[in-house]
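Chemist:
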Amino acid sequence: MTQAVQSVQTRMFRLLRSGQAMTRQEIAEALSLSMPTTLQNATRLIEAGILEECGSVQSTGGRRARRLRLCPDAGQAVGIHIGIHEVEFLTVGLTGETQGAFSAPYPFKDEPSWYVGLQEMLAAFLSRERVNVSRALGGGVSLPGIIDKQESQLLRSHILGLEHMGLERFRNALPFPAVFANDANCACFAERGAGQGNYVYVSLNETVGGAVMLNGTLWLGDTFQAGEIGHMLLVPEGRECYCGKRGCADAYLSPQALERDGWDVYLEHLAILLTNLRMLFNVNLVIGGQVGGQIEAHMQPLLEKTAQYDRFARNIDYIYPCAQKNHACALGAARFALEKYGVRVLPETGDEVL
Numbered sequence: 184m185t186q187a188v189q190s191v192q193t194r195m196f197r198l199l200r201s202g203q204a205m206t207r208q209e210i211a212e213a214l215s216l217s218m219p220t221t222l223q224n225a226t227r228l229i230e231a232g233i234l235e236e237c238g239s240v241q242s243t244g245g246r247r248a249r250r251l252r253l254c255p256d257a258g259q260a261v262g263i264h265i266g267i268h269e270v271e272f273l274t275v276g277l278t279g280e281t282q283g284a285f286s287a288p289y290p291f292k293d294e295p296s297w298y299v300g301l302q303e304m305l306a307a308f309l310s311r312e313r314v315n316v317s318r319a320l321g322g323g324v325s326l327p328g329i330i331d332k333q334e335s336q337l338l339r340s341h342i343l344g345l346e347h348m349g350l351e352r353f354r355n356a357l358p359f360p361a362v363f364a365n366d367a368n369c370a371c372f373a374e375r376g377a378g379q380g381n382y383v384y385v386s387l388n389e390t391v392g393g394a395v396m397l398n399g400t401l402w403l404g405d406t407f408q409a410g411e412i413g414h415m416l417l418v419p420e421g422r423e424c425y426c427g428k429r430g431c432a433d434a435y436l437s438p439q440a441l442e443r444d445g446w447d448v449y450l451e452h453l454a455i456l457l458t459n460l461r462m463l464f465n466v467n468l469v470i471g472g473q474v475g476g477q478i479e480a481h482m483q484p485l486l487e488k489t490a491q492y493d494r495f496a497r498n499i500d501y502i503y504p505c506a507q508k509n510h511a512c513a514l515g516a517a518r519f520a521l522e523k524y525g526v527r528v529l530p531e532t533g534d535e536v537l
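For the sequence shown, the positions run 184 to 537 when our numbering is used.
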C-alpha cells in the first residue's frame, strides 16, 4: 500500500473517530478528496471490517446515500487508572465508548511485588473481557502526578510519594504500548464531546486538581502543571495543605473537607474558586471527581452562591456537572490511547503523510 493511500485512510479514520456517521460525499467534502479516491478507500476499509454502513439519508430523487461509521468492535484500547488506594481497568472500542470496566482496592506501593500484582490483575481483567492482547491497539495509564513531555518520568506525585520516577516500571507490567497522562487531564479528556471545545475541568477528589481544554486540546502549560487549581490560594492564612502552604483550595474542597464542613460551607468555597476560574478563562466549567458525581443535586444553591461573586454575568449558565461520573480517569486514558494508537487498526500501516 502506498504512503498516499495510507494517508487517505488515516484521515478518514480520524474523521470518523468521533463516532459520527457520514456519507461518502460528506467524507469527500470534509477531507477535500475526489469521489473516486473516497469510494476506493472506503471500500477497502469496509472489506477490512473497519467501516460499516449504518443507514441512509433522505433523498430527493434517485438512490439514497448510505452513511458510514467505524465498527466499534474492530479494535480496542485499554485504560488504567492508578490511585493511592485502588486501580481501575477499562476497555473501549474504536469510537471511545466503554465496553467493560473493573475497579478493586489495591494500595500503591513502589515495590516489585506491587507491579507483578498489577500485571496479574490486568491479565485477569483482559481475560474476563475476552480481549485478545495481541490485537489490543494500546493502553493509556492515568497517574496522580506530573508527567514529563516525553512520558519517561513521573516528575512528582505528592499522593503517591514519588519524584523523578521512571515510568518503565509501569510499562514493563503492560503487554502493549502505552501512553501516560495526569489523572485530571485524563478525566478532562473523557468529557470532550460531552461539553464544549473550551472548558476547565475541576477535579474534586481526594486531592483537588483540574485541567484546561482549549479548542479541543489540553493546555499543559510551560511545565505541564496547567490546571493545578488545588494549590490556588483560596483562604489567606487558612488551613494547612499537604503541599506545605496554608489556604489552598485542596484543603477546602476535598471529599474530606465536605464531610467536615457540610454542603453549605463547601459550596461557598467552591463558588469562590469557580468565579475566579471564570474570570481567568471565560469558558465553561465542568465539576468532576468524587464530589462532582454528587454535585447535580446541589447545583441550584451552588449557582446562587456563584451569582453573589460573579457580577459580570446575567445568568450563571457556565457551570456543569460532569457527564462521566464513573471511571472517568481510566476512560480518558483509554481515549488517549486511541488518539495515539488507533491507526494501528488500519491494514498495512506504514509511514503516514498527512
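We treat Cβ as the ideally placed atom computed from N, Cα and C, and that holds for glycine.
At a cut of 8 Å, does the stretch 326-341 reach the stretch 396-412 through at least three beta carbon pairs?
Modeler: Yes, since at least three Cβ pairs between the stretch 326-341 and the stretch 396-412 fall closer than 8 Å, the two stretches touch.
Chemist: When the Cβ atoms of the stretch 468-477 are set against those of the stretch 360-375, are three or more pairs found closer than 8 Å?
Modeler: Cβ pair count under 8 Å is three or more, so yes.
Chemist: Skipping 5 residues on each side, what residues in its chain have a beta carbon closer than 6 Å to that of Glu312?
Modeler: Contacts found: Thr274, Gly283.
Chemist: Have a look at Ala361 and Leu486 and give me their C-alpha separation to the nearest angstrom.
Modeler: Ala361 and Leu486: Cα-Cα distance of roughly 40 Å.
Chemist: Could you tell me the distance, in whole angstroms, from the CA atom of Ala248 to the CA atom of Glu235?
Modeler: Roughly 13 Å separates the two Cα atoms.
Chemist: Going by C-alpha distance, which of Glu294, Thr221, Phe272 is nearest Ala511?
Modeler: Nearest C-alpha to Ala511: Phe272.
Chemist: Spell out a yes or no on whether the stretch 515-528 and the stretch 246-265 are touching, meaning 3 or more CB-CB pairs, one atom from each, closer than 8 Å.
Modeler: As far as the Cβ criterion goes, the stretch 515-528 touches the stretch 246-265, which means the pair count is three or higher.
Chemist: Helix, strand or coil for Pro438? Go by DSSP, reduced to three states.
Modeler: Reduced to three states, the DSSP call for Pro438 is helix.
Chemist: Could you check how far apart the C-beta atoms of Gly393 and Leu416 are, in whole angstroms? I think they sit under 8 Å.
Modeler: Wrong, their Cβ atoms sit about 15 Å apart, outside the cutoff.
Chemist: Could you tell me which residues DSSP pairs with Cys431 in its beta bridges?
Modeler: DSSP output for Cys431 lists Leu416 as bridge partner(s).
Chemist: Would you check if the distance between the CB atom of Ala211 and the CB atom of Thr226 is smaller than 9 Å?
Modeler: No.
Chemist: Figure out for me which residue from Gly258, Arg194, Val240, Gln483 has the closest Cα to the Cα of Asp500.
Modeler: The option with the nearest alpha carbon to Asp500 is Gln483.
Chemist: Rounded to a whole number of angstroms, what is the C-alpha to C-alpha distance between Ile443 and Ser437?
Modeler: Ile is not the amino acid found at residue 443; the sequence shown has Arg there. Their backbone Cα atoms lie some 10 Å apart in a straight line.
Chemist: Taking Thr278 as part of the beta strand (DSSP E), name the residues at either end of that continuous run.
Modeler: Where Thr278 is concerned, there is no enclosing beta strand (DSSP E), given that its DSSP letter is neither H nor E.
Chemist: Excluding the five sequence neighbours on either side, which residues of its own chain have a C-beta within less than 7 Å of the C-beta of Ser340, listed in chain order?
Modeler: Closer than 7 Å at the Cβ level, and outside the excluded window around Ser340, lie Leu326, Pro327, Gly328.
Chemist: Quick check on DSSP: helix, strand or coil for Thr400?
Modeler: In this structure, Thr400 counts as strand in the three-state DSSP scheme.
Chemist: Threshold first: 3 residues or longer. Then list the beta strand (DSSP E) segments lying entirely within the stretch 344-370, N to C.
Modeler: Here the runs fully enclosed are 345-349, 361-365.
Chemist: Which two residues bound the contiguous beta strand (DSSP E) that contains Ile265?
Modeler: Residues 260-265.
Chemist: Select from Ser201, Phe464, Ala306 the residue whose C-alpha is nearest the C-alpha of Glu280.
Modeler: With distances taken between Cα atoms, Glu280 lies closest to Ser201.
Chemist: What distance in whole Å lies between the Cβ atoms of Ser296 and Val270, which are believed to be in contact at a cut-off of 8 Å?
Modeler: Val270 to Ser296, Cβ: 14 Å. No contact.
Chemist: In or out: Leu463 buried (at least 16 other Cβ within 10 Å) or exposed?
Modeler: Under this definition Leu463 is an exposed residue.
Chemist: When the distance is taken between beta carbons, is Asn467 closer than 9 Å to Tyr503?
Modeler: Closer than 9 Å, so yes.
Chemist: Report the option in Gln302, Ala367, Thr390 whose CA atom is closest to the CA atom of Leu357.
Modeler: Nearest option by C-alpha distance: Gln302.
Chemist: To the nearest angstrom, report how far apart Ala319 and Gly258 are at their CA atoms.
Modeler: Those two C-alpha atoms are separated by around 7 Å.
Chemist: Can you tell me whether DSSP reads Ala287 as helix, strand or coil?
Modeler: Of the three classes helix, strand and coil, the one that applies to Ala287 here is strand, per DSSP.
Chemist: Could you say which of Tyr298, Leu453, Leu277, Arg252 lies nearest to Gly238 if we only look at CA atoms?
Modeler: That would be Arg252, whose Cα lies nearest to the Cα of Gly238.
Chemist: If you draw a straight line from the C-alpha of Pro219 to the C-alpha of Leu403, how long is it?
Modeler: Answer to the nearest angstrom: the Cα atoms are 41 Å apart.
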